[in-house]
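Protein sequences, first through last, are from chains A, B, C, D, E, F, G, H, I and J.
Counted from 1, the first sequence has number 68 at position 45 by the working numbering; the numbering is strictly sequential.
Counted from 1, the second sequence has number 116 at position 93 by the working numbering; the numbering is strictly sequential.
Counted from 1, the third sequence has number 102 at position 79 by the working numbering; the numbering is strictly sequential.
Counted from 1, the fourth sequence has number 51 at position 28 by the working numbering; the numbering is strictly sequential.
Counted from 1, the fifth sequence has number 91 at position 68 by the working numbering; the numbering is strictly sequential.
Counted from 1, the sixth sequence has number 88 at position 65 by the working numbering; the numbering is strictly sequential.
Counted from 1, the seventh sequence has number 111 at position 88 by the working numbering; the numbering is strictly sequential.
Counted from 1, the eighth sequence has number 79 at position 56 by the working numbering; the numbering is strictly sequential.
Counted from 1, the ninth sequence has number 52 at position 29 by the working numbering; the numbering is strictly sequential.
Counted from 1, the tenth sequence has number 34 at position 11 by the working numbering; the numbering is strictly sequential.
Virtual Cβ for every residue (Gly too), placed ideally from N, Cα, C.
Step one of this worksheet: look at the structure below.
Protein chains: 10
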Amino acid sequence: MEFLVHMEVGWPPDGDPVERDRLVAAEAARADELAEAGLVTRLWRVPGRWANYGLWEAPDADALHVAISSLPLFPWIDVDVIPLATHPSDPGARKRTA
Amino acid sequence: MEFLVHMEVGWPPDGDPVERDRLVAAEAARADELAEAGLVTRLWRVPGRWANYGLWEAPDADALHVAISSLPLFPWIDVDVIPLATHPSDPGARKRTA
Amino acid sequence: MEFLVHMEVGWPPDGDPVERDRLVAAEAARADELAEAGLVTRLWRVPGRWANYGLWEAPDADALHVAISSLPLFPWIDVDVIPLATHPSDPGARKRTA
Amino acid sequence: MEFLVHMEVGWPPDGDPVERDRLVAAEAARADELAEAGLVTRLWRVPGRWANYGLWEAPDADALHVAISSLPLFPWIDVDVIPLATHPSDPGARKRTA
Amino acid sequence: MEFLVHMEVGWPPDGDPVERDRLVAAEAARADELAEAGLVTRLWRVPGRWANYGLWEAPDADALHVAISSLPLFPWIDVDVIPLATHPSDPGARKRTA
Amino acid sequence: MEFLVHMEVGWPPDGDPVERDRLVAAEAARADELAEAGLVTRLWRVPGRWANYGLWEAPDADALHVAISSLPLFPWIDVDVIPLATHPSDPGARKRTA
Amino acid sequence: MEFLVHMEVGWPPDGDPVERDRLVAAEAARADELAEAGLVTRLWRVPGRWANYGLWEAPDADALHVAISSLPLFPWIDVDVIPLATHPSDPGARKRTA
Amino acid sequence: MEFLVHMEVGWPPDGDPVERDRLVAAEAARADELAEAGLVTRLWRVPGRWANYGLWEAPDADALHVAISSLPLFPWIDVDVIPLATHPSDPGARKRTA
Amino acid sequence: MEFLVHMEVGWPPDGDPVERDRLVAAEAARADELAEAGLVTRLWRVPGRWANYGLWEAPDADALHVAISSLPLFPWIDVDVIPLATHPSDPGARKRTA
Amino acid sequence: MEFLVHMEVGWPPDGDPVERDRLVAAEAARADELAEAGLVTRLWRVPGRWANYGLWEAPDADALHVAISSLPLFPWIDVDVIPLATHPSDPGARKRTA
């Protein structure tokens with residue numbers, strides 16, 4: 024099942040820059056692992072913000088929560104999850120079955 | 024450039040069912056054309072609502088507006104457009120360059 | 024997977040009372056069928072409103088959408104779906120495994 | 024009487040992790056006691072957030088407040104309470120009288 | 024148990040004035056009955072609006088819903104219910120026990 | 024003139040507990056004085072929150088502001104004031120004139 | 024006591040223009056009477072909208088409601104009332120006592 | 024003085040298409056006149072909506088209201104006006120003085 | 024041109040009381056100067072809050088911004104500016120021309 | 024492609040004034056560079072706030088994000104981006120082609 028996930032990072036502007044760099048690097052590494060595992064399939068940056076929209080794929084909300092909460096920046100991230108159903112006109116679905 | 028587009032159809036519950044069926048069929052046909060043209064790349068239904076999230080690809084907001092307003096149900100649809108920037112960890116971008 | 028679903032019926036105050044009674048009866052019958060099928064497990068009325076919260080169980084958002092949109096009053100209902108994950112302290116889960 | 028209760032924990036991301044672990048353990052223990060006492064009957068995690076929806080049962084709002092405010096994390100929790108009325112189509116009610 | 028109830032009447036400006044007068048009179052009569060029965064204990068008009076705040080007293084949300092939905096204008100009223108707990112400094116409680 | 028007043032206390036979760044206890048005791052004492060003076064006539068706790076709804080009576084907004092701002096916790100309280108008009112069906116008004 | 028009152032007129036765009044003109048003229052005449060009686064002391068148009076902010080003066084919310092609801096367009100107007108207290112730095116108050 | 028003005032047209036989807044075409048043409052003609060008169064200096068379409076952002080220039084809010092309300096579609100348009108002050112880094116201001 | 028200005032002071036509850044007193048005194052002195060200069064013509068306190076509504080008069084948004092940002096508490100104040108147009112039924116305008 | 028960008032600076036009122044001055048100067052210098060490069064074409068101050076609306080021009084959301092995030096105050100700025108399409112009645116477009 025697919026989920027549209029919006030994330031906004033609430034890192035304090037005066038936070039420790041070294042810790043920030045360490046967390047950002049760890050976040051990117053973890054994101055790669057989640058992508059490898061097929062949990063994150065697309066990721067977009069919201070222009071002008073430290074925020075992203077992501078397309079996630081997980082068997083259910085439990086697996087999704089485990090994946091999201093494994094992100095190193097998780098305690099600083101405000102997350103909104105929108106469950107998605109398939110649409111009969113989805114071009115992506117058509118390609119998969121082609 | 025990619026856009027995340029949310030659409031909610033405001034068709035009146037007591038609207039003419041024949042006209043509704045005609046418009047829904049025309050909408051699906053037009054969506055297929057937009058998919059063929061590469062303007063719509065993914066489409067998801069919001070469960071429980073006559074609404075969808077779509078991933079659109081267009082050179083700019085002008086081309087996007089022309090595409091969206093070509094939908095037969097356009098006068099009944101409330102549309103929100105979110106511009107998307109590429110994310111360094113996007114698994115989809117990685118696949119394209121692979 | 025469980026979903027918390029909020030429904031608010033937007034039936035017009037001056038709508039045809041006969042049609043309303045017919046739809047309400049059909050809605051109750053369909054709700055019973057969905058309960059029998061295990062799709063709706065709990066249902067509460069929001070006091071003072073023609074609205075309810077329901078606990079739904081479905082394999083994914085597709086099955087949920089099919090179930091919700093099968094309700095006779097669906098065109099008049101505004102639906103919000105909240106995906107739920109299991110909580111380690113859930114007393115209900117404990118009872119099931121007991 | 025049943026209440027739908029939404030809780031969101033506002034623990035600071037840079038809060039003391041030892042104190043956090045202590046409070047989370049105490050919270051789980053207290054949740055178990057409230058479940059044993061029949062005050063909490065179901066509990067779900069909101070995926071992607073340190074938040075939950077709970078189904079609470081209490082004679083009135085006074086008893087509910089005493090129960091909620093007994094949680095060790097209470098000073099950090101934002102709580103919304105929605106009173107629930109019974110619904111004639113509630114499958115849960117049917118099972119109880121069966 | 025007490026509830027704070029907010030009501031806003033959505034009668035259409037061009038609605039039939041005769042029917043409106045009939046409903047308003049019936050509403051006042053029903054409100055008197057609910058007051059007699061102890062279900063409504065205070066009622067205030069929101070200045071500038073066809074709206075009111077009321078203090079209701081009912082054993083639970085079921086009895087409250089039955090009372091509210093018995094109002095003749097109910098199909099036109101938007102109702103919000105806030106459950107109330109007793110406050111240790113409530114002057115009204117002090118008077119009752121005096 | 025009556026006012027419906029909503030108060031939400033924004034005391035920090037990690038605030039000094041001794042100072043908190045001192046302020047809460049002073050708040051209760053001041054609330055009693057305001058009740059004695061007829062400025063606060065009813066007070067309810069919002070279940071699950073450090074918040075209350077109160078029924079205040081004051082000649083005008085000036086007297087109301089003086090009373091509210093005399094509360095020891097005032098700097099931490101977020102206050103919303105709703106002016107109330109008398110309602111022709113108010114059971115409380117009927118009792119007073121009886 | 025002074026009140027800040029916001030009014031927004033919800034006249035339908037396709038409403039009868041003759042009836043509209045009649046109501047607008049009656050509204051202006053009634054506004055003049057309320058100004059003469061000292062109930063409305065200032066009135067501003069919100070640019071771009073059929074809406075206004077007004078400064079009203081009335082002994083209490085009852086007198087204010089009687090005045091507002093006497094406006095011929097009242098059934099079409101959405102009204103928000105904000106109670107005002109005197110400010111120690113108010114230049115207007117200084118002029119009055121001068 | 025410059026104003027940022029947001030306009031959203033609320034024309035009903037089932038409105039008379041002939042009248043709509045007539046109004047749209049008249050709107051474009053009036054927009055040209057306002058541009059000629061220097062009242063509208065820029066105009067952008069909001070993609071996916073019958074809405075626009077405009078940069079208006081007028082001596083004050085009175086002149087702005089006269090201009091906006093002269094639009095043939097005015098009764099159907101929801102308008103929000105944001106007053107603008109000059110910014111020391113405005114590239115447009117620099118060009119004007121160049 | 025007149026502006027309706029809403030101000031809410033966000034001074035921290037545990038802020039230095041000496042600095043607070045100094046700023047409040049300086050604020051009152053500056054408010055008097057702005058009143059003398061005709062920039063602030065009325066000022067009201069919002070009951071129960073450290074907030075006010077003010078009627079400001081300035082040639083344009085630039086002059087208004089200079090005046091508002093000259094307030095000593097400006098860095099702590101959240102300000103909303105509503106531009107006002109003259110209303111044909113404004114009693115204040117009538118008095119000025121009388 | 025043009026974008027309407029709203030920025031609100033969340034600099035803490037008690038922040039270091041020296042650092043603030045340094046950042047504000049650096050921000051102005053960077054804004055000049057972005058203007059020179061044609062990325063920012065207009066900039067307005069929101070009166071009464073540390074906020075601005077800007078008209079930005081960039082090939083896509085990626086270039087826009089790079090430009091915005093290059094601002095020295097970026098970590099303290101809350102940014103909202105609205106994509107803009109050309110409007111057939113835009114006076115600015117007419118001038119360009121003239």
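C-beta neighbour in chain A for residue i, strict 7 angstroms
i: proline 95 of chain J; result: no
i: proline 70 of chain B; result: yes
Residue-level contact to chain C via CB, residue i, 7 angstroms cutoff
i: isoleucine 105 of chain E; result: no
i: threonine 133 of chain A; result: Limits of chain A in this structure are 24 at one end and 121 at the other, which puts residue 133 of chain A out of reach.
Contact with chain E by residue i, beta-carbon distance below 7 angstroms
i: histidine 88 of chain G; result: yes
Residue from the options whose Cα sits closest to the Cα of residue i
i: alanine 108 of chain H; options: J/Pro35, J/Pro106, J/Val69; result: J/Val69
i: alanine 127 of chain G; options: G/Arg43, G/Glu31, G/Pro35, G/Leu62; result: Residue coverage of chain G in this structure runs from 24 to 121, which leaves residue 127 of chain G outside it and unanswerable.
i: aspartate 39 of chain H; options: B/Leu66, B/Gly115, B/Pro98; result: B/Pro98
i: methionine 30 of chain B; options: B/Ser112, B/Val102, B/Asp113, B/Trp79; result: B/Val102
i: glutamate 25 of chain H; options: H/Ser112, H/Trp73, H/Ser93, H/Thr64; result: H/Thr64
i: aspartate 55 of chain E; options: E/Ile100, E/Trp79, E/Asp113; result: E/Trp79
Sequence-distant residues of its chain with Cβ nearer than 7 angstroms to residue i (five each side left out)
i: proline 95 of chain D; result: Leu46, Ala49, Glu50, Arg53
Inter-residue spacing [alpha-carbon to alpha-carbon] between residue i and residue j
i: histidine 110 of chain E; j: asparagine 75 of chain F; result: 8 angstroms
i: serine 11 of chain A; j: leucine 57 of chain A; result: As shown, chain A starts at 24 and ends at 121. That puts residue 11 of chain A outside it, with no answer to give.
i: glutamate 59 of chain C; j: glycine 71 of chain B; result: 20 angstroms
i: aspartate 113 of chain H; j: aspartate 113 of chain J; result: 20 angstroms
i: proline 35 of chain G; j: tryptophan 34 of chain E; result: 15 angstroms
i: valine 41 of chain D; j: glutamate 42 of chain F; result: 24 angstroms
Buried/exposed call for residue i, threshold 16 Cβ in 10 Å
i: valine 89 of chain E; result: exposed
i: glycine 115 of chain H; result: buried
i: proline 106 of chain H; result: buried
i: aspartate 44 of chain H; result: exposed
i: aspartate 83 of chain J; result: buried
i: aspartate 37 of chain D; result: exposed
C-beta neighbour in chain D for residue i, strict 7 angstroms
i: leucine 27 of chain C; result: yes
i: tryptophan 67 of chain A; result: no
Contacts around residue i, its chain only, beta-carbon distance under 6 angstroms, and the 5 residues preceding and following it disregarded
i: valine 104 of chain A; result: Phe26, Val28
i: glycine 77 of chain A; result: Val28, Val63, Leu66
i: isoleucine 100 of chain E; result: Met30, Val32
i: tryptophan 73 of chain B; result: Val32
Same chain, Cβ closer than 8 angstroms to residue i, five either side skipped, listed in chain order
i: alanine 81 of chain F; result: Met24, Phe26, Leu62, Leu87, Ala90
Neighbour flag for residue i against chain I, beta carbons, 7 angstroms
i: methionine 24 of chain H; result: yes
i: tryptophan 73 of chain F; result: no
i: alanine 54 of chain G; result: yes
C-beta neighbour in chain J for residue i, strict 7 angstroms
i: glycine 33 of chain A; result: no
i: alanine 116 of chain B; result: no
i: valine 47 of chain I; result: no
Short CB-CB distance (under 7 angstroms) between residue i and chain H
i: glycine 38 of chain J; result: no
Beta carbon proximity, residue i to chain B, threshold 7 angstroms
i: aspartate 113 of chain A; result: yes
Short CB-CB distance (under 7 angstroms) between residue i and chain F
i: aspartate 83 of chain G; result: yes
i: alanine 51 of chain E; result: yes
Contact test: residue i Cβ vs the ligand COA heavy atom, cutoff 6 angstroms
i: proline 98 of chain F; result: By its list of ligands, the structure shown contains no ligand whatsoever, and the ligand COA lies outside what it can speak to.
Interface flag, residue i vs chain G, CB-CB below 7 angstroms
i: valine 41 of chain H; result: no
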